[in-house]
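Asker: To start, I am sharing the structure in question, which I have written as structure tokens.
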């Protein structure tokens, strides 16, 4: 039978490691267009592993779910236009990214480990889809999840950005400026980096106005 052939055998740990290295190399050479389909293969492998795992083995299931959450997050992150550091992202891939964000959150929920990133990436894609109220809800949940002040300030900055995109008034622009300034002050090491991400997203979503 075909299933008895070595070529049709399950992926080994060594092959799995090679796939992860391949994804890293694709990032180094800025082939993000190839990163996403490889990540999709990785996600499907994780899904198959979950299906094959005993339902009573909660430890292994949660390990796989957390891994799948991370892969889905990567797909969502690489299909979000707000970074403005890649070429144009097709509408199809943007829809894929929104779906991947939802998948990441689903696995996080199943693993009983809902992270800041899983919530944030959902907010980012809902913002991209102009579902502003839903985006704000996700950013607020991310803020509630954050352990550190800097994380809370960052989430507040995304809330302020989304509120501004919902209704562009000077008052909301001022609130966003204040939120970004607070973020920079709250984290001496990474505050500037995270603040610039919000400013970049603002530019992306207002540049055609």
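Residue numbers (the numbering used here): 328 to 536. For every residue, glycine included, the Cβ atom is placed at its ideal position computed from N, Cα and C. None of the values given here were measured: they were computed from a predicted structure.
#1: Sorry if obvious, but does the Cβ on residue 387 come closer than 7 Å to a heavy atom of the ligand HEM?
#2: Among residues of its own chain, excluding the 5 on either side of residue 489, which ones have a beta-carbon nearer than 8 Å to its beta-carbon?
#3: For residue 398, which residues in the same chain have their Cβ closer than 7 Å to its Cβ, ignoring the five residues on either side in sequence?
#4: Check whether the Cβ atoms of residue 377 and residue 403 sit closer than 8 Å, and answer yes or no.
#5: Just to confirm, is the Cβ distance from residue 444 to residue 363 under 8 Å?
#6: Helix, strand or coil: how does DSSP classify residue 517 here?
#7: Do residue 486 and residue 409 have their CB atoms nearer than 8 Å?
#8: Under 8 Å by Cβ, that's how I've got residue 512 and residue 518 pegged, so tell me the actual separation to the nearest angstrom.
#9: Report all residues from its chain with a CB closer than 8 Å to the CB of residue 340; omit the five preceding and five following residues, and keep chain order.
#10: Could you say which of 385, 442, 382 and 357 lies nearest to residue 414 if we only look at CA atoms?
#11: I'd like the list of long-range same chain contacts for residue 435, defined as Cβ closer than 7 Å, with 5 residues on each side in sequence excluded.
#12: Measuring CB to CB, does residue 499 end up less than 8 Å from residue 491?
#13: Hey, residue 432 and residue 452: beta-carbon distance below 8 Å or not?
#14: If you reduce the DSSP assignment to three classes, tell me which class residue 343 lands in.
#15: As a quick exercise: from 533, 439, 483 and 516, pick the residue whose alpha carbon is nearest that of residue 503.
#16: Where does residue 524 sit, in a helix, a strand or coil, going by DSSP?
#17: Assign residue 500 to one of three DSSP states: helix, strand, or coil.
Answerer: This is what the structure holds:
#1: Among the ligands in the structure shown, none appear at all, so the ligand HEM cannot be discussed.
#2: 450, 454, 459, 462, 463 and 466
#3: 366, 369, 370 and 373
#4: no
#5: no
#6: coil
#7: no
#8: 7 Å
#9: none
#10: Residue 414 has its Cα closest to that of 357, out of 385, 442, 382 and 357.
#11: 396, 441, 442 and 445
#12: Taking 8 Å as the Cβ cut-off, residue 499 and residue 491 qualify as a contacting pair.
#13: no
#14: Of the three classes helix, strand and coil, the one that applies to residue 343 here is helix, per DSSP.
#15: 483
#16: helix
#17: helix
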